[in-house]
Amino acid sequence: MASSINASTSGAGGVITTADATGILNIQSAGTTVAAVSSTGLAVTGTGSVSGDLSFNSGYGSAAVAYGCRAWVNFNGTGTVAIRASGNVSSITDNGTGDYTVNFTTAMPDANYNINGNNQAIAGTANPWIVINGYSGPTYQSPTTAACRIFCQQNGAGYDSAFINLSFFR
Amino acid sequence: MNKRIVYQNDEGGISIIVPADCGLTIEEIAVKDVPTGKAYNIVDVSEIPTDRTFRDAWTWE
Chain S
78 MASSINASTS GAGGVITTAD ATGILNIQSA GTTVAAVSST GLAVTGTGSV
128 SGDLSFNSGY GSAAVAYGCR AWVNFNGTGT VAIRASGNVS SITDNGTGDY
178 TVNFTTAMPD ANYNINGNNQ AIAGTANPWI VINGYSGPTY QSPTTAACRI
228 FCQQNGAGYD SAFINLSFFR
Chain Z
2 MNKRIVYQND EGGISIIVPA DCGLTIEEIA VKDVPTGKAY NIVDVSEIPT
52 DRTFRDAWTW E
C-alpha cells in the first residue's frame with residue numbers, strides 16, 4: 078500500500094486521499110496509479126506527456142534537453158519483405174530492389190527531420206550505403222512530413238538487405 | 002498482418018506496401034499510404050513472390 082491521491086469519479090467530484098506509513102505517494106486516476114513518488118524518485122507507470130522540453134541527465138553530465146526519435150523501423154528487405162518492429166510507422170513501401178519508402182503513422186511537424194540508417198551488407202562484399210531520396214531519374218524524392226524514401230546500395234547497385242534499420246529524429 | 006497492398010507506381014513498376022503493427026487496419030493504411038488517385042489491390046502475402054532476383058521487372062495484372 079501507499080498513500081494515494083485519487084481524482085474522484087463520483088458525481089460529487091473532488092479528491093480522495095488515503096494514507097499509510099510506507100512513505101510512498103501514489104497519484105491515481107480512477108483508482109489506477111499513474112505515478113508514484115518514493116525515496117528513490119518519481120516513477121511514471123501511465124502514459125506520460127510533456128508539452129514543454131524534456132530534460133534529463135542520465136550520465137550526460139547535466140540535465141539537458143533530449144530530442145526524441147519520432148519514428149523508427151527494423152525490417153527485412155529480402156524474400157517476403159516484412160517489418161520486424163517499428164514505432165510511429167504505418168507501413169513501408171517496397172518500390173523495387175533496395176528501394177523503400179517509410180510511411181509515418183503520425184506525420185512529422187515538418188520535413189526537416191534527421192534520418193539515420195544502416196543495413197546489413199551482402200556477405201563478402203563491402204560499402205553498403207543507404208541513400209536518402211530514392212535512386213535514379215524521376216524517382217528522386219525529398220523527405221516529406223508523411224514519408225521518407227530511401228535506397229540501399231552496395232558498390233553502386235541497389236540490393237535487398239536482410240536488416241534495414243532507420244530512425245527519424247526531430 | 003499477412004496482407005499487402007499493391008499498386009502501379011509512376012516509374013513503370015509496382016510498389017508493394019508492407020503494413021506495420023500500428024493499430025490501423027489494412028484498409029486504413031491503404032487510404033493513408035497509397036498515393037492519391039492510385040488504384041490498388043489488397044492481396045494475401047502468399048501472392049507476392051519471394052524470389053526478388055528480378056524484382057524491378059515485376060508487373061501486376
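Quick note, the sequences are listed as chains S and Z, same order. Note that the numbering used here gives residue 119 to position 42 of the first sequence, counting from 1, and the numbers run on in steps of one. Note that the numbering used here gives residue 33 to position 32 of the second sequence, counting from 1, and the numbers run on in steps of one. Backbone N, C-alpha and C define an ideal beta-carbon position, used for all residues, glycine too.
Item	Value
Chain-ordered residues of the segment 12-38 of chain Z with a beta carbon less than 7 Å from chain S	12, 14, 16, 17, 18, 19, 20, 21, 23, 25, 30, 33 and 34
Identity of the residue in S:120, S:244, S:172 and S:135 nearest residue 56 (chain Z) by Cα	S:172
Test: residue 160 (chain S) CB closer than 9 Å to a CB of chain A	Given the protein chain composition of this structure (S and Z), no chain A is represented.
Residue 106 (chain S) versus residue 97 (chain S) - alpha carbon distance	19 Å
Three-state class that DSSP yields for residue 219 (chain S) in the structure shown	coil
Buried or exposed (CB count within 10 angstroms, at least 16 for buried), residue 307 (chain S)	This structure gives no information on residue 307 (chain S), because the portion of chain S shown stretches from 78 to 247.
Residues of the segment 145-156 of chain S whose Cβ lies closer than 9 Å to any Cβ of chain Z, in chain order	150, 152, 154, 155 and 156
Beta-carbon spacing of residue 150 (chain S), residue 164 (chain S) below 9 Å	yes
Beta bridge counterpart(s) of residue 226 (chain S) as assigned by DSSP	S:178
Straight-line gap, residue 188 (chain S) to residue 181 (chain S) (C-alpha atoms, nearest Å)	12 Å
Identity of the residue in S:79, S:206, S:234 and S:218 nearest residue 243 (chain S) by Cα	S:206
Enclosing alpha helix (DSSP H) for residue 34 (chain Z) [first to last residue]	27-34
For residue 214 (chain S), three-class secondary structure by DSSP	Below a pLDDT of 50, predicted positions are generally treated as unreliable, and residue 214 (chain S), at 49, falls in that range; the measurement from the model is reported next regardless. The answer is helix: DSSP assigns residue 214 (chain S) an H, G or I state.
Contact residues within the segment 161-188 of chain S, judged by C-beta distance below 7 Å to chain Z	163, 166, 167, 168, 169, 170, 171, 172, 173, 174, 180 and 182
Cβ of residue 51 (chain Z) within 9 Å of any chain S Cβ	yes
Members of the segment 226-237 of chain S near chain Z, C-beta cut-off 9 Å	235 and 237
Enclosing beta strand (DSSP E) for residue 121 (chain S) [first to last residue]	118-121
Per-residue burial, residue 78 (chain S) [other beta carbons within 10 Å of its own, 16 or more giving buried]	exposed
Proximal residues of chain S, C-beta to C-beta of residue 10 (chain Z) below 7 Å	172
Residue 160 (chain S) beta carbon less than 9 Å from that of residue 20 (chain Z)	yes
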